[in-house]
Amino acid sequence: MRKEWWKEAVIYQIYPSSFLDTTGSGSGDIRGIINKIDYIASLGVDVVWISPMYDSPWDDNGYDIRDYYKIAEKFGTMEEMKELIQALHDRGIKLLMDMVVNHTSDEHEWFVQSRSSKQNPYRDFYFWKESPNNWKSFFSGSAWELDDQTKEYYLHLFSKKQIDLNWENPRVVEEVHKIFKYWLELGVDGFRLDVISLISKRLDFPEIKEDMSWTDVIDNIYANGPRVHEYIQNLNRQVFASYPDLMTVGEGAGITLDVALDYVGEDRDEIDMIFQLEHMTNNYGVEGRFDYRKENLVEIKALFSKWDKIIDQGGWLNIFLDNHDFIRMLSRYGNTDEYHAASAKLLLTMICTLRGTPCIYYGSEIGMSNIELKSLEEVRDVESLNYAAEASEKGMSEEEILKRINYNGRDNARTPMQWSDEVNAGFTSGTPWLRVNPDYTSINVAKQVDDEDSILSYFKTLLSYRKKHDIFVYGEYVDLLPDHPNLFVYERNHEEETKLIILNMSDEPVPYSIDLMDYDIECNNYPHLEYNDGSIRLSPWQSIVLS
Ligand code: TEU
Numbered sequence: 002m003r004k005e006w007w008k009e010a011v012i013y014q015i016y017p018s019s020f021l022d023t024t025g026s027g028s029g030d031i032r033g034i035i036n037k038i039d040y041i042a043s044l045g046v047d048v049v050w051i052s053p054m055y056d057s058p059w060d061d062n063g064y065d066i067r068d069y070y071k072i073a074e075k076f077g078t079m080e081e082m083k084e085l086i087q088a089l090h091d092r093g094i095k096l097l098m099d100m101v102v103n104h105t106s107d108e109h110e111w112f113v114q115s116r117s118s119k120q121n122p123y124r125d126f127y128f129w130k131e132s133p134n135n136w137k138s139f140f141s142g143s144a145w146e147l148d149d150q151t152k153e154y155y156l157h158l159f160s161k162k163q164i165d166l167n168w169e170n171p172r173v174v175e176e177v178h179k180i181f182k183y184w185l186e187l188g189v190d191g192f193r194l195d196v197i198s199l200i201s202k203r204l205d206f207p208e209i210k211e212d213m214s215w216t217d218v219i220d221n222i223y224a225n226g227p228r229v230h231e232y233i234q235n236l237n238r239q240v241f242a243s244y245p246d247l248m249t250v251g252e253g254a255g256i257t258l259d260v261a262l263d264y265v266g267e268d269r270d271e272i273d274m275i276f277q278l279e280h281m282t283n284n285y286g287v288e289g290r291f292d293y294r295k296e297n298l299v300e301i302k303a304l305f306s307k308w309d310k311i312i313d314q315g316g317w318l319n320i321f322l323d324n325h326d327f328i329r330m331l332s333r334y335g336n337t338d339e340y341h342a343a344s345a346k347l348l349l350t351m352i353c354t355l356r357g358t359p360c361i362y363y364g365s366e367i368g369m370s371n372i373e374l375k376s377l378e379e380v381r382d383v384e385s386l387n388y389a390a391e392a393s394e395k396g397m398s399e400e401e402i403l404k405r406i407n408y409n410g411r412d413n414a415r416t417p418m419q420w421s422d423e424v425n426a427g428f429t430s431g432t433p434w435l436r437v438n439p440d441y442t443s444i445n446v447a448k449q450v451d452d453e454d455s456i457l458s459y460f461k462t463l464l465s466y467r468k469k470h471d472i473f474v475y476g477e478y479v480d481l482l483p484d485h486p487n488l489f490v491y492e493r494n495h496e497e498e499t500k501l502i503i504l505n506m507s508d509e510p511v512p513y514s515i516d517l518m519d520y521d522i523e524c525n526n527y528p529h530l531e532y533n534d535g536s537i538r539l540s541p542w543q544s545i546v547l548s
């Protein structure tokens, strides 16, 4: 297996609106990230991925870009952006920029021109049809919107203000390449490519068939289009290849296992790794994100083992359990009550010992969890708001709609970083754009930073331990107990070395037969480990690494 720095790195994702506000606006800003640069460095992470901070009307929290060459005023200035890049580099930390080139904002100059007339030179920067087909948006409703000016419909797989770019048009490709080059010249170290799997459209716009699940639609109609690999290979050869040592990460909506290596195979000349989403959407019901589904550990372990195989075949993956598009991992997989700290430490151990590049979402290092929104007025996410409007029209009660948004809505994982027990968790002196989780009085950086038993201290120790052992990067992964309902037990094997990771992902103590005399305990989220004659007894949410 080829050795690469981006396989060995650990990524920390920052949602800039929620990290630190230094102006009292209620929204985070670049100055806030700069002010916390030593905190970020203290974690021991190698790369920071920041969600979009470009000029945007903020319909989808910045994933609707109006000007790729301008920093949104709410975040600060281009000068501050350059200062942030330098501050990260001074500490040996790389910057992974989030780049959204499947679509632009409807307020982008290209679309303003395109919609103005059918003859406008920018008309075919986007997709226009005289009549819509039955494609649905990720954010409820039709994926086609009638535009009054020219009485034609335009395509938007996401919100009505996120208009899909027509990559068939060589001018679009040329402009997009320019954008990447601009940011690379500024010194960024790589890109997280938002829904890169969707950029090639099937030009016959096949109808969605009655019997197709939403996943089928994404996997087989929206994603993995006929020219997607040509586009990505061109981008790689014409742009990325001139900048050695980049990290390129594809966000993989619709990338299934059987096509994954086409994107991340060693000799594909495309992208380094992908965020595959199959374990993330595993709690979606048949109707999608806001429909309930009870998942279990056996399913989750099977998904990790299933996807690990592409690494055996030369590909690469990110390992993550949450981000800005999904609920907090502690609320989803852990125990936020009696075993809050133990389960937070266990999940961090899981991310840092599975095979792939770990990605830790801001706040996971201190055990942040979902917020319970009290009313629909508190909802901010366009995906949830559109869902609420559609469900209400279909007669669903406000109470049930709110319950479903609290079940799996994206605002859950976008609440302000909890720095201290001061007002608004020290995040802002103004009114936070999204309510701070009320548990900030007990869950915050200030309370944990000097506590050697805290989640934060455990995470720093875990990361420094991981960096000492290449086996966690290059070692083979084997699940030893795939069918156990509560234990996740896996080995990492590399040359003559083996690490054994045992995670008790339940509220009950669980025995595990092992001759502990043959092992050293290298990581333990408890101060002890019960053992007698050939068997250990893992406490609830106990995680250990043996060697
Ligand atoms: O997400 C696209 C995507 O993969 C969807 O599955 C996503 O999880 C969304 O919630 C639909 O269920 C990317 C960004 O990460 C997301 O924040 C943006 O809203 C979206 O693209 C559009 O840019």
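Residues 2 to 548 (the working numbering) make up the sequence shown, in order. Every residue gets a Cβ at the ideal spot worked out from N, C-alpha and C, and that includes glycine.
Pairing His90 with Leu517, the inter-Cα distance amounts to about 43 Å. Separation of Asp313 and Leu304 (C-alpha to C-alpha, rounded to the nearest whole angstrom) is 15 Å.
Here Lys469 carries a coil assignment [DSSP, helix/strand/coil].
For the 8 Å CB-CB criterion, Arg415 and Leu435 form a contact. Separation of Tyr13 and Gln150 (C-alpha to C-alpha, rounded to the nearest whole angstrom) is 44 Å. Here Trp111 has Thr105, Tyr123, Phe126 as same chain residues with Cβ atoms under 7 Å from its own Cβ, once five neighbours each way along the sequence are excluded. Excluding its 5 nearest sequence neighbours in each direction, Gln239 has C-beta neighbours in its own chain below 7 Å: His178, listed in chain order. Here Lys71 carries a strand assignment [DSSP, helix/strand/coil].
Tyr334 and Phe327 have their C-alpha atoms roughly 12 Å apart.
Pairing Arg269 with Asp263, the inter-Cα distance amounts to about 7 Å. Around Tyr520, the same chain offers Leu501, Leu547, Ser548 as residues with beta carbons nearer than 8 Å, after the five sequence neighbours per side are excluded. A check of alpha carbon separations from Thr358 across Trp168, Asp451, Asn438, Leu464 identifies Leu464 as the nearest. Taking all protein chains in view, the Cβ of His109 is crowded by 16 or more other Cβ atoms within 10 Å, so the residue is classified as buried. By the neighbour-count criterion, in which a residue is buried when 16 or more other Cβ atoms sit within 10 angstroms of its Cβ, Gln419 is buried.
If you draw a straight line from the Cα of Glu523 to the Cα of Ile545, it comes to about 7 Å. Nearest to Trp168 by C-alpha distance, out of Phe192, Leu85, Arg203, is Arg203. The three-state secondary structure of Val479, taken from DSSP, is strand. For Val474, DSSP assigns no beta-bridge partner whatsoever. Val189 counts as buried, since no fewer than 16 other beta carbons sit within 10 angstroms of its beta carbon. Remark: three or more beta-carbon pairs, one from each stretch, lie closer than 8 Å, so the stretch 216–230 and the stretch 245–260 are flagged as touching. Counting along the chain, Gly33 sits inside the alpha helix (DSSP H) bounded by residues 31–36. For Arg436, there is no enclosing beta strand (DSSP E), as DSSP marks it with neither H nor E. Proximity to Glu366 across Asp323, Val101, Val383 peaks at Asp323, based on C-alpha coordinates.
For ligand 1, no non-hydrogen atom lies closer than 7 Å to the CB of Asp22.
Taking each of His230, Val383, Asp412, Glu378 in turn and checking the Cα distance to Glu400, the smallest one comes out for Glu378.
Sorting Tyr155, Ile233, Leu187 by C-alpha distance to the C-alpha of Glu175 places Ile233 at the top. Tyr127 carries a strand assignment under DSSP once its states are collapsed to helix, strand and coil.
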